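Just so you know, the protein sequences line up as chains A and B, in that order.
First residue of the first sequence: 1, per this note's numbering; consecutive thereafter.
First residue of the second sequence: 1, per this note's numbering; consecutive thereafter.
We treat Cβ as the ideally placed atom computed from N, Cα and C, and that holds for glycine.
All figures in this text were calculated on a predicted structure; none of them were measured in a lab.
Input: a single structure, listed below in structure tokens.
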Amino acid sequence: MAYFDYASSSPVDRRVVEAMLPYMTDHFGNPSSVHSFGFKAREAIEEAREKVLQLIGGNGDLVFTSGATEANNLALIGYAMRNSKKGRHILISSVEHMSVINPAKYLQKQGFEVEFIPVNGFGEVKLDFIEEKLREDTILVSVQHANSEIGTIQPLDAVSEILEKSDAVLHVDATASVGKIDVSKLNAELITISSNDIYGPKGVGALFIAENVRIQPLILGGGQEKGLRSGTENVPAIVGFGKAAEITSKEWKDDSERIKKLRDRIIENALKIEDSYLNGHPERRLPNNVNIRFSYIEGESIVLSLDMNGIQASTGSACSSKTLQPSHVLMACGLKHEEAHGSLLLTLGKYNTDEDVDKLLEVLPGIIERLRSMSPLYRR
Amino acid sequence: MYSDKVFEHFQNPRNVGKIEDADGVGTVGNPVCGDLMTIYIKVKDGRIEDIKFQTFGCAAAIATSSMATEMAKGKTIEEALQITRDAVAEALGGLPKQKMHCSNLAADALRRAIVDYFRKNGNFDKIKELGLERELEKMEKGEMDDHGEYCEA
């Protein structure tokens, strides 16, 4: 097996599993309980919170959620609803994850004015658009740290600089970048991260909320997580998230350096296949992201062919999705439908080896050739 | 998501290629939607003697093209016209709902190849007799088939 779909799901680090286990069996107390079992669980949550805060270098609060999707929903809807008296204008980049785009569309229906920031061909937000559209009643700007599909890292320093002139807060979805590049210096009021992207368990994520930023909760109940996210905390998952954050803080640089070499070898060799093109930015991209489009063929066919050879990958092609619409990210970058259909997305992780890359590069040209030989669009 | 039969036809598609001196050629789909297929037929004594396909699309598109050509090979024109999208999907052990609309166009491509065969022979009476006037009209207008609700292109 050669797994290149880390952006979809990553295995949990064994050290993380070990840290979690006692909180399922021995330390199973409810963190809201006023007895020693509860105290033990509460202590573990606060310890995890510190570790995650340390990873993102934030001074403020951190709310544990069920994952990045909930954190993004909380950031957008929670902030907009709480601050609607200040203004109802929101800017979000057009290449955000659907867990940002769909809450933004929901806010549109609630009467907020949402504008989508266009991107250039590399997927970078157009800074002049933000500058031009920013107004007194703009309350929120949401621009991701890096794109999970095309790997492009956004010019967030420049975005922050533009926002200095306004009262709008910046939300950064750092789900794709955490553990791959430095997330400790993000100059944002709201930051989303998830556990599974740093080899922690699924079903847990967090929203960082800077001091003096107020949001409205989406889930009401017993008032857990400082009233911002009710529901008994998933203690083992939060402990695992904390452990994963601790490991990531220490190891991400070395891991990324090694992974980047594997990535570059894949890109260099895959681009030797004729009519293949790199999607996303050639330099300012995540060290673990390869997104290449092959003309005349369709992505799901490439992915299934790779799977038959023991290699797991992904695609931005419509045919692998439920709606059959091609990736909105690739389309926002200006690709035509038929170009977007032929994309292959490989996301690497810390368990990938040189042998995995050898295996991929050995079979990939043959797969592309085979599919092209069947395609009516390929006339060579 | 897919049946073993779909995987099998995707991995080992039958009748791939192009017939240079085809008696009829039918194309449906749209590269914008991610599915485009062309079927070529050779007809002898009213039977489909040879058939080949070229497909741009997902595994379902390739498998349905392969299965449809297998089903049509050796059949009379009238028998081949009985091959529907549902029949192709059934022969493959079923397809996901959205794939029925977007990837299972092979039966339509076959119908168009048959219309093209009659058109090339100037046999427009036969087109009328077999109720294929709508296909002919679409082909002459250069219209691609509708993929249904799952594809907006």
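Neighbour flag for residue i against chain B, beta carbons, 8 Å
i        : result
A/Met98  : no
A/Ser301 : yes
A/Leu306 : no
A/His341 : yes
A/Pro376 : yes
A/Tyr296 : yes
A/Glu338 : yes
Between the CA atoms of residue j and residue i - distance to the nearest angstrom
i        : j        : result
A/Glu251 : A/Arg49  : 19 Å
A/Arg263 : A/Val357 : 9 Å
A/Arg285 : B/Glu79  : 55 Å
B/Gly17  : A/Gly299 : 20 Å
A/Leu170 : A/Val235 : 29 Å
A/Asp275 : A/Ser375 : 14 Å
A/Ile273 : A/Val290 : 15 Å
B/Thr84  : B/Asp108 : 8 Å
B/Ile114 : B/Ala91  : 21 Å
A/Ile407 : B/Asp125 : Residue numbering for chain A in the displayed model covers 1 to 380; residue 407 of chain A lies beyond these limits and cannot be assessed.
A/Pro31  : A/Val239 : 12 Å
B/Val6   : B/Ala60  : 7 Å
B/Ala106 : A/Glu339 : 23 Å
A/Tyr79  : A/Ser230 : 17 Å
A/Ser84  : A/Asn102 : 18 Å
A/Arg214 : A/Ile259 : 38 Å
A/Ala332 : A/Phe129 : 15 Å
A/Leu330 : B/Lys52  : 33 Å
B/Gly93  : A/Arg88  : 52 Å
B/Ala153 : B/Ala89  : Note on B/Ala153: pLDDT 48, under 50, position unreliable in the model; no value is reported.
A/Pro155 : B/Leu136 : 54 Å
A/Glu384 : A/Ser177 : One cannot answer for residue 384 of chain A here, as it falls past the ends of chain A, which runs 1 to 380.
A/Val95  : A/Pro118 : 8 Å
Short CB-CB distance (under 8 Å) between residue i and chain A
i        : result
B/Gly94  : no
B/Ala72  : no
B/Ala153 : Residue placement at B/Ala153 is flagged as unreliable, the pLDDT there being 48, under the threshold of 50; the coordinate-derived value follows with that caveat. By this cut-off, B/Ala153 is an interface position.
B/Leu105 : no
B/Ala59  : yes
B/Leu110 : no
B/Thr38  : yes
B/Thr55  : yes
B/Gly142 : no
B/Val157 : With chain B represented from 1 up to 153, any question about residue 157 of chain B goes unanswered, as that position is not in the structure.
B/Val32  : yes
B/Phe124 : no
B/Ile19  : no
B/Ile62  : yes
B/Gln11  : yes
Cut-off 7 Å between Cβ atoms - residues of its own chain near residue i, not counting five sequence neighbours on either side
i        : result
B/Gly74  : Arg47, Ile48
B/Glu133 : Ile127
A/Met381 : In the structure as shown, chain A begins at 1 and stops at 380. Residue 381 of chain A is therefore absent and cannot be evaluated.
A/Ala313 : Phe4, Asp5, Val303, Leu306, Leu344, Leu345, Leu346
A/Ala104 : Leu76, Ile90, Ile92, Val114
A/Gly223 : Ser230
A/Ser10  : Asn196, Asp197, Tyr199, Gly349
Close beta carbons around residue i, own chain, < 6 Å, minus the five adjacent residues each side
i       : result
A/Lys86 : Ile139
A/Thr69 : Ser99
B/Ile62 : Phe10, Pro13, Thr55
Buried/exposed call for residue i, threshold 16 Cβ in 10 Å
i        : result
A/Lys180 : buried
A/Gln110 : exposed
A/Val63  : buried
A/Glu161 : exposed
A/Ser373 : exposed
A/Phe39  : exposed
A/Asp13  : buried
A/Pro287 : buried
B/Ser65  : buried
B/Asp116 : buried
A/Gln144 : buried
A/Thr25  : exposed
B/Met100 : buried
Strand pairing of residue i, partner residues [DSSP]
i        : result
A/His341 : Answer by DSSP bridge pairing: none, since A/His341 is not bridged.
A/Asp354 : Note: A/Asp354 sits in no beta bridge, so no partner.
A/Ala146 : A/Ile153
A/Thr192 : A/Asp173, A/Leu207
A/His27  : The partner list for A/His27 (beta bridge, DSSP) is empty, contrary to what the question assumes.
A/Ile162 : According to DSSP, A/Ile162 bridges with nothing at all.
Nonlocal neighbours in the same chain, by C-beta distance under 8 Å from residue i, ignoring five residues either side
i        : result
A/Ile367 : Ile302, Ser305, Leu306, Asn309
A/Gly67  : Ser194, Ser195, Asn196, Lys202, Gly203, Val204, Gly205
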